[in-house]
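Participant:
Residue numbers (the working numbering): -6 to 454.
1) Among 403, 121, 321 and 404, which one has its Cα closest to the Cα of residue 243?
2) Would residue 160 pass as a contact of residue 117 if the rule is Cβ separation under 8 Å?
3) Can you tell which of 27, 376, 358 and 45 has its C-alpha closest to the C-alpha of residue 453?
4) Pick from 150, 157, 181 and 182: whose alpha carbon is nearest that of residue 167?
5) Are the C-beta atoms of residue 240 and some chain D residue less than 8 Å apart?
6) Does the pairing of the region 194 to 212 with the region 126 to 146 give three or more beta-carbon distances under 8 Å?
7) Among all the DSSP beta bridges, which residues are the ones paired with residue 450?
8) So residue 230 and residue 182 are in contact, right, with Cβ under 8 Å, and what is the actual spacing, rounded?
9) Alpha carbon to alpha carbon, how far is residue 331 from residue 440?
10) Taking DSSP as the reference, what is the three-state secondary structure of residue 456?
11) Within 10 Å of its beta-carbon, does residue 66 have 16 or more other beta-carbons around it, so buried, or fewer, so exposed?
12) How close, in whole Å, do the beta carbons of residue 97 and residue 125 come, if the pair is a contact with beta carbons under 8 Å?
13) With three or more beta-carbon pairs closer than 8 Å as the criterion, would you say the region 361 to 376 touches the region 386 to 404?
14) Comparing C-alpha positions only, which one of 378, 434 and 369 sits nearest to residue 397?
15) Please name the residue or residues paired with residue 156 in a DSSP beta bridge.
16) Answer with buried or exposed for residue 442, where buried requires no fewer than 16 other C-beta atoms within 10 angstroms of its C-beta.
17) Checking 8 Å against the spacing of the C-beta atoms, do residue 378 and residue 346 come in under that value?
18) For residue 388, which of helix, strand or coil comes out of DSSP?
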């Protein structure tokens, strides 16, 4: 297009008097356009071609041609080409800066949107509470349910939260209402006249999508027909979009925390075995050698060495038991009952305490949950052995459709007034509370009127 404009301008200039033509300034506009279009090189080549196309016929056909006029116009056209090319470079740099600024602004907008989806903490219960609260603030609700995908099965959904309706802890995909299955399958919000509750006459099903997959569903229900419409559907979509990433982050954080704790426990066990255990064993061997070498020495020194040797042997035994307990865990093949039973047998054997284990249940919890409960039981039993002075420890476990309950009871000296805050350095009790919270359960540490201590962890269905 630029070359066509230059050609047209040259034809008019050559036809109307060459450098004396009143249209000669049209060449300047065409060369200016060439500079803005393609830069220095293209503008200068175009200017040189235009100068030659006018100067050659001008000096051939006009007898009184003036070389100074040719030089003047040639200089002006080349200067215009240079200025146009330089201006194009300046405008290009400005456009690049503007593009970078727009890109940075888009990134900041995305980061701000992500930041707004994150809760104040990465606790799943708090995130669920915040999500339900936001939905209740937007419009009245008779029942609300949050379903999350169950890791153990692709066709089963776990009830993460439910208000205004009683549901089992797990719901097969096939038992969901058709509009709910449609929302999950098509990953879009659906208005319906029925819901999870038999009394529902108007419902919204909002799929939760994070990281390119559907992780759950929010069901908002009301007993009044046509209570929800397009406006409520749009508002619910906005809340679901923000809640999906927050809920997914909270679940990943919980998994990473458990994995990190397991890896750290394994590392500590390895370090104890490689360093402390070997060092204590070496000290025990040396004490045996010194004790044998002092058969003719002072009897008091020999007795003290023998006592020290016995103490070191006790420490070595305790370290070995601790290493074994650290490496013991629940697995797919070894459930909580088996793991806890073997641990309690070892506790009774090495401490002489009367340990009783009463268990009942017709189902298992997911392995990650059983692992957390196993560590709670292990910590509670260890505390009873070390600090309570108990003669009897009773451990109870029940797991059925109503939920799971773990109890550790001893007849020791108790924990004092339960209302008194726990010491900041009581990391064992703090760990039990954190594990219970991660399960969505409730942990109680009580001193019953009959004496002793009761540690109770309940995980409701």
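From the three backbone atoms N, C-alpha and C, an ideal C-beta is built for every residue, glycine too.
Facilitator: Taking the coordinates as given:
1) Within the chain shown, the letter at position 250 stands for residue 243. Closest by alpha carbon: 121.
2) In the chain shown, counting from the first residue as 1, residue 160 sits at position 167. In the chain shown, counting from the first residue as 1, residue 117 sits at position 124. No. Outside cutoff.
3) On the chain shown, residue 453 is found 460 positions in, with the first residue counted as 1. Residue 453 has its Cα closest to that of 358, out of 27, 376, 358 and 45.
4) On the chain shown, position 174 is the one that residue 167 refers to. Checking every option, the nearest Cα to that of residue 167 belongs to 150.
5) Considering every chain present, this structure includes no chain D. It has just one protein chain.
6) yes
7) Numbered from its first residue, the chain shown carries residue 450 at position 457. Its beta-bridge partners are 399 and 436.
8) In the chain shown, residue 230 corresponds to position 237, counting from 1. In the chain shown, residue 182 corresponds to position 189, counting from 1. At roughly 5 Å, the Cβ-Cβ gap stays under 8 Å, so residue 230 and residue 182 are in contact.
9) Translated into positions along the chain shown, residue 331 becomes position 338. Translated into positions along the chain shown, residue 440 becomes position 447. One C-alpha to the other measures close to 28 Å.
10) The first residue shown for the chain is -6 and the last is 454, placing residue 456 beyond what the model contains.
11) Numbered from its first residue, the chain shown carries residue 66 at position 73. Buried, because 16 or more other Cβ atoms sit within 10 Å of the Cβ of residue 66.
12) What you label residue 97 is simply residue 104 of the chain shown in a count that begins at 1. What you label residue 125 is simply residue 132 of the chain shown in a count that begins at 1. So it is not a contact: roughly 36 Å between Cβ atoms.
13) yes
14) Position 404 of the chain shown, counted from the first residue, corresponds to residue 397. Comparing Cα positions, the closest option is 434.
15) The count along the chain shown starts at 1 and reaches residue 156 at position 163. According to DSSP, residue 156 bridges with 137.
16) Numbered from 1 along the chain shown, position 449 holds the residue referred to as residue 442. Exposed, since its Cβ has fewer than 16 Cβ neighbours within 10 Å.
17) The count along the chain shown starts at 1 and reaches residue 378 at position 385. The count along the chain shown starts at 1 and reaches residue 346 at position 353. For residue 378 and residue 346, yes; Cβs fall inside 8 Å.
18) Counted from its first residue, the chain shown places residue 388 at position 395. Here residue 388 sits in strand by DSSP.
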